[in-house]
Amino acid sequence: MKKYPKILSVILILLLTVTFSPLAYAADKKITLGSKNFTEQYLLAELAAILFAKAGFKVNMRTGVGSVIARKSLENGQFDLYFEYTGTAYTVYYAQKDPATMADPDKVYQWVKKADENRGLIWLDPIRFNNTYAVMMMKKQAAALGIRTISDLAAYVNTHPGELEFALEVEFWERPDGFKQMMKHYGFRLSPGQIKKMSVGLTYQALKNGQVDSAMGFATDGRITAFGFVSLLDNKSFFPVYNPAPVVRKEVLDKYPEIKTLLKPLVTNLTTDEMRTLNSIVDVEHEPVHETANNWLTGKHLIE
Amino acid sequence: MVSGVFQFIANNFPQALYLTGEHVWIVGVALFIAAATGIPLGLYITEHEDIASPIISGANIIMTIPSIALFGIMLPLLSPLNMGLGKIPAIIALILYSQLPIIRNTYTAIKNVPPDLVDAAIGVGMSRWQRLKEVEIPLAAPVIIAGLRTAAVMNIGIAAIAVYIGSGGLGVYIQQGIDRAYPEMILSGALLVSILALIVDGIMALLERAITPEGIKVRKKLMQ
Amino acid sequence: MKKPLGKIYRTLLLAALFIAGIMVERIGLITYLTDPYEYPIILGLLLRHLYLVAVSISFATIIGLAAGIFFTRRRFHRYAGVCMYIIGLGQTIPSLAILALSMSFLGIGTKPAIFALTIYSILPIARNTLAGISAVPPSLLDAGKGMGMTPLRILLEIELPNSMQVILAGFRVALIVNIGTAALSYLIGAGGLGDLIFTGISLMQTEKLLAGAIPVTLMALLADLVCKLLELILISKGLRLTEQNKEAA
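Chains as they are written, first to last, in numbering that gives the first Met the number 0: chain A, 0 to 303; chain B, 0 to 223; chain C, 0 to 248.
Structure below.
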């Protein structure tokens, strides 16, 4: 009974230290970076994080959430900055559908940039690769069935109901620029039984293992070539252009105007091929995200 | 593949450490607050029997709610307060989960203090507060700590699921391991959580023993 | 003192339910659930969820009971502690990880999910079976032997009935955790109500989130009730009264 207050006070001190230790990180320049839940997003966030760290920022990372959550987090200040795609902002957050704007990278960028300015969100310079949604199939099967475009797929589904199965993630299913609407646009329908929903990265596995005939993916994902997939042509231009750009809260940008130029090296150096290679290194070769990002930046002499 | 796991942890040591730290932080804060609310509540209902049953039932119902459902509900619930995402909703959910073991153990422990000792304390002239402090709590302490121990180990496992509402922690390895089809990563996450749970369980078991008053320990030994 | 408190408690509960109902309506949950396109999908997910739970808990019960009984047999008794400890270690691995690892080895879909759910549900049942049977007073076993019962009859007529309460407690825990974990099986492509929960989380669509979260919760609460019913059915009155008297003493 006498040891009891001593032990309790030790525990109390331990718990208090653990609870308040994060406060020890009160540094001068702080920024919270967010990202969505697929590899490219983790890489972009990591590349930005390294650049920020080199510029003397204390970086806090909040990664791995869905698009809408990421957007809301930016709006309400839980993130300071994250990479959003022009097409996503245009179709999902602003529910716009004008085909002429959607298909033109500059037009859609300017549109969302202006719209978001009113909300205190600033779009910095976009990176010029198009990470559109890809409707993928195994090369061999696509060739065998004579399917090259999404219209071909639609036609096949309509003439062979109940045969093909599709793997996708729940976000892609529900979004205005997602599968449900895509089926409407192309005039075909898969029954609920033909649609397999799973975690975002598993769609590639499902297709690779032959458990489905077609799957959703991202155009810049390294696994499309690595696993022998082909991406069907979006001949009816359902998907908008998706250029990623850093979107930052106005207060944060005003506080640290250097952010405007800090991320420029990414804009000038990340081509579609470069992004694909980076994605491949992480997804196919299973290299860690941080090392991959770091190596790329050092390789390009963007950091020492 | 087991060697792959060790290699993975070795290659990613700073990150693994960071995520483990996040995980410990979330569970630690939750446990601390849960104890701060649960133990007093448990003490309170020993004096107010009529609400003891509904409160324990209520805590039981909360613990029956599947973890992903509770984490998910935090999002719309706390969004208006800008706290829908991240560690805070995870911590709140874990606090709610921990209430049952803590409240129930506190209540049972106090109730199980031998009534003759309570009588003796009253007879000696102790006030309610003195009785709690000198007699009831010291005797109940081991069982209360046992409740905290159950809550802690349970929370360590559940916190892995909170990754899906953006809380970070070791669940990140499981989430990314799934998406990148990287079994070594998943296994590393699982192993680290497991090890963490065993360590915490061990520490709390020691604590349980340290807190048991000497007299009880002796009595237990004699009874064996 | 008790009566007014009961009334206040009840009024509060009704008020809370009323407010909840209004909130739910405003969120659009009712509209979503009654949408003719969505309704069959939601039903399908519910049935799939039930399927995953039913199959896995059945396997887990059989295996768990068998394992528990196995280790109470005199020959294997000494291995009991070690085995239970190892399985106990397995229980510290989060359910999510077991699902994910199952997927890594067995692929995507319902099979790996059922496998993972079964594995995860075995421990509480096995451990409680072992504890329950071990706690049967040896005098009862002696009596049985004295009456000339075969070991099988002793098991079925003495050991199991007397440990039913503990076994059911383990079953209850296994079932409730199973229902919760099955909600995660969306991630490995097995369907279930997790589809809705994760959609709701991903897209911050509260109606979908609730359309998934509420049924799963109700399922778990229902399972809890069913277990209480099973207790009434499976435990003979005499034993139940003995337990109650023991607790009261």
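Positions of the beta carbon are idealized from the N, C-alpha and C atoms, including for glycine.
Simplified DSSP assignment, three categories, for residue i
i, result
"A/Ile-194", "strand"
"B/Ile-157", "helix"
"C/Pro-137", "helix"
"A/Thr-87", "helix"
"A/Ser-230", "strand"
"A/Arg-61", "strand"
"A/Lys-259", "helix"
"A/Ile-30", "strand"
"A/Thr-148", "strand"
"A/Lys-35", "strand"
"C/Met-146", "coil"
"B/Ile-38", "helix"
"A/Val-283", "coil"
"A/Ser-236", "coil"
"B/Ile-64", "coil"
"B/Met-0", "coil"
"A/Asn-268", "helix"
"C/Gly-237", "helix"
"C/Tyr-78", "helix"
"A/Ile-302", "coil"
"A/Ala-54", "coil"
"A/Phe-187", "coil"
"B/His-22", "helix"
Strand pairing of residue i, partner residues [DSSP]
i, result
"A/Tyr-132", "A/Phe-217"
"A/Tyr-81", "A/Val-246"
"A/Leu-120", "A/Arg-248"
"A/Met-137", "A/Phe-228"
"A/Leu-167", "A/Lys-196"
Given residue i as reference, the closest of the options once Cα atoms are compared
i, options, result
"A/Asn-268", "A/Leu-120, A/Asp-124, A/Gly-63, A/Leu-32", "A/Asp-124"
"C/Ala-173", "C/Val-52, C/Thr-205, C/Ala-182", "C/Val-52"
"C/Ser-101", "C/Phe-197, C/Leu-183, C/Gly-67, C/Ala-79", "C/Leu-183"
"C/Ser-103", "B/Met-73, B/Val-1, B/Tyr-181", "B/Tyr-181"
"A/Gly-209", "A/Lys-195, A/Pro-239, A/Asp-220, A/Leu-73", "A/Lys-195"
"A/Val-64", "C/Ile-200, C/Ala-59, C/Phe-69", "C/Ile-200"
"A/Lys-35", "A/Ile-302, A/Ser-198, A/Thr-62, A/Lys-112", "A/Thr-62"
"A/Asn-130", "A/Ala-244, A/Pro-98, A/Ile-149, A/Val-283", "A/Ala-244"
"A/Ser-66", "C/Leu-202, C/Val-225, C/Thr-216", "C/Leu-202"
"C/Leu-192", "C/Ile-68, C/Ile-41, C/Ala-15", "C/Ile-41"
"A/Met-181", "A/Glu-286, A/Asp-233, A/Ile-12", "A/Asp-233"
"A/Met-274", "A/Thr-38, A/Leu-15, A/Ile-10, A/Lys-28", "A/Thr-38"
"A/Thr-148", "A/Met-135, A/Asn-157, A/Thr-158", "A/Met-135"
"C/Leu-116", "C/Ile-56, C/Gly-145, C/Thr-198, C/Gly-211", "C/Ile-56"
"A/Pro-239", "A/Asp-97, A/Lys-28, A/Phe-51, A/Leu-167", "A/Asp-97"
"B/Val-134", "B/Asn-154, B/Met-82, B/Ile-91, B/Thr-211", "B/Thr-211"
With 16 other Cβ atoms within 10 Å as the buried cut-off, status of residue i
i, result
"B/Gly-165", "buried"
"C/Leu-231", "exposed"
"A/Leu-335", "No information on residue 335 of chain A is available, as it lies outside the stretch 0 to 303 that chain A covers here."
"A/Ser-305", "In this structure chain A extends from 0 to 303, so residue 305 of chain A is not present and cannot be described."
"A/Asp-272", "exposed"
"B/Leu-206", "buried"
"B/Trp-128", "exposed"
"B/Ser-193", "buried"
"A/Lys-183", "exposed"
"B/Phe-5", "exposed"
"C/Met-0", "Caution is warranted here: a pLDDT of 46 is assigned to C/Met-0, below 50, making its placement in the model unreliable, and the coordinate value is therefore given only provisionally. C/Met-0 comes out exposed."
"C/Phe-17", "exposed"
"B/Asp-49", "exposed"
"C/Val-156", "Note on residue identity: the sequence assigns Glu, not Val, to residue 156 of chain C. It is exposed - the Cβ of C/Glu-156 has fewer than 16 other Cβ atoms within 10 Å."
"C/Ile-132", "buried"
"B/Glu-213", "exposed"
"C/Pro-137", "exposed"
"A/Ala-99", "exposed"
Residues that residue i contacts on chain E, provided the C-beta gap is smaller than 9 angstroms
i, result
"C/Gly-211", "The structure shown contains no chain E; its protein chains are A, B and C."
Near the ligand NAP: residue i beta-carbon under 7 angstroms from a heavy atom
i, result
"A/Trp-295", "Only the bare structure without any ligand can be found here, which leaves the ligand NAP out of the picture."
**Prompt:** Do three or more CB pairs link the stretch 6-17 of chain B to the stretch 27-45 of chain B at distances below 8 angstroms?
**Reply:** no
**Prompt:** Do the stretch 139-150 of chain C and the stretch 76-90 of chain C meet, that is, are 3 or more Cβ pairs less than 8 angstroms apart?
**Reply:** The stretch 139-150 of chain C is not in contact with the stretch 76-90 of chain C.
**Prompt:** Touching or not, the stretch 116-135 of chain C and the stretch 156-172 of chain C, by the rule of three or more beta carbon pairs under 8 angstroms?
**Reply:** yes
**Prompt:** Is it true that the stretch 240-256 of chain A meets the stretch 109-120 of chain A, where meeting means three or more beta-carbon pairs spaced less than 8 angstroms apart?
**Reply:** The stretch 240-256 of chain A makes contact with the stretch 109-120 of chain A, as at least three CB pairs between them are under 8 angstroms.
**Asked** For the stretch 39-58 of chain A against the stretch 252-268 of chain A, are there 3 or more C-beta pairs whose distance is under 8 angstroms?
**Response** yes
**the stretch 98-107 of chain B / the stretch 144-156 of chain B touching (three or more Cβ pairs under 8 angstroms)** = yes
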